[in-house]
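Heads up: the structure comes next, in structure tokens.
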Amino acid sequence: MFSAMLMDVYRDEQPGIRISFRTDVQLLNNRRMQTTTRVNDYIHDLLFADDCAPITVTEEGMQRSMVLFDAGCASFGLTISTTKTVVINQPPPSAEYYAPRNNFNGFQLKNVETFAYLGSNTRIDDEVVQRISKASQAFGRRQVSMWNRHVIHLNTKLKMYLAVILTTLLYGEKTWTVYSNQARKLNNFHLSSLRRILKLRWLDMITETEVQES
Numbered sequence: 056m057f058s059a060m061l062m063d064v065y066r067d068e069q070p071g072i073r074i075s076f077r078t079d080v081q082l083l084n085n086r087r088m089q090t091t092t093r094v095n096d097y098i099h100d101l102l103f104a105d106d107c108a109p110i111t112v113t114e115e116g117m118q119r120s121m122v123l124f125d126a127g128c129a130s131f132g133l134t135i136s137t138t139k140t141v142v143i144n145q146p147p148p149s150a151e152y153y154a155p156r157n158n159f160n161g162f163q164l165k166n167v168e169t170f171a172y173l174g175s176n177t178r179i180d181d182e183v184v185q186r187i188s189k190a191s192q193a194f195g196r197r198q199v200s201m202w203n204r205h206v207i208h209l210n211t212k213l214k215m216y217l218a219v220i221l222t223t224l225l226y227g228e229k230t231w232t233v234y235s236n237q238a239r240k241l242n243n244f245h246l247s248s249l250r251r252i253l254k255l256r257w258l259d260m261i262t263e264t265e266v267q268e269s
């Protein structure tokens, strides 16, 4: 039903982000992308499980999208929660940030820089910090019961690390666009954790490759 509602909302108007694309080998040719043979489409919403995020390029476009969205919800007997609805403005790096003023049913929507959803964050820097923090907490909770116990075989400890700690660290990673500095932070935590499990000191002069092969 929700998909049908979205089709009804944007049937006559499509405020959103215009995407130009080609389906041939000239995709990376900027001159060809300006020709009339390119294909245009508009992305007007992103779906997050049972929630929806309308997207536009202007403050006015977002306001219009909210009006259309509200009308579509009313037609299908749905309501929008004003307390749970927030606005994120992401200007280009060279542009000065400003807080948009979008209203809904007389209620000014709150502006935020990030938001957590299903354990993930919309900004990769914050997401990496959050995942490392959660993985570190999970590692620390098992320090006494698992990592420091000599009666537990090393292979068992490593399997526990892969199943719990590494899974926590990389939760949602398939949706990330990771750059070198973020990958370095993740890898540093990974190698540091393995060294602690293997009881290796930095003075032992064991390389990172040898740690991962242990």
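Here my numbering = 1-based position in the sequence shown + 55.
Don't be surprised by glycine CBs; every beta carbon is placed ideally from N, CA and C.
What residue from ARG73, ASP106, ILE179 has the CA that sits closest to THR230's CA? ILE179
Are the beta-carbon atoms belonging to VAL64 and LEU123 less than 7 Å from one another? yes
Please confirm whether ALA238 and ILE220 have their CB atoms less than 7 Å apart. no
If you run the structure through DSSP and keep just helix, strand and coil, what is PHE131? coil
With burial defined as no fewer than 16 other Cβ atoms inside 10 Å of the residue's Cβ, what is the status of ARG186: buried or exposed? buried
As assigned by DSSP and simplified to three states, the class of ASN158: strand
So for GLN163, helix, strand or coil by DSSP? strand
Neighbour-count burial assignment, VAL199, 16 or more Cβ in a 10 Å radius: exposed
Excluding sequence positions up to five away, which residues of its chain have a Cβ less than 6 Å from the Cβ of LEU82? Note that LEU82 scores 45 on pLDDT, short of 50, meaning its location in the model is unreliable and no value can be drawn from it.
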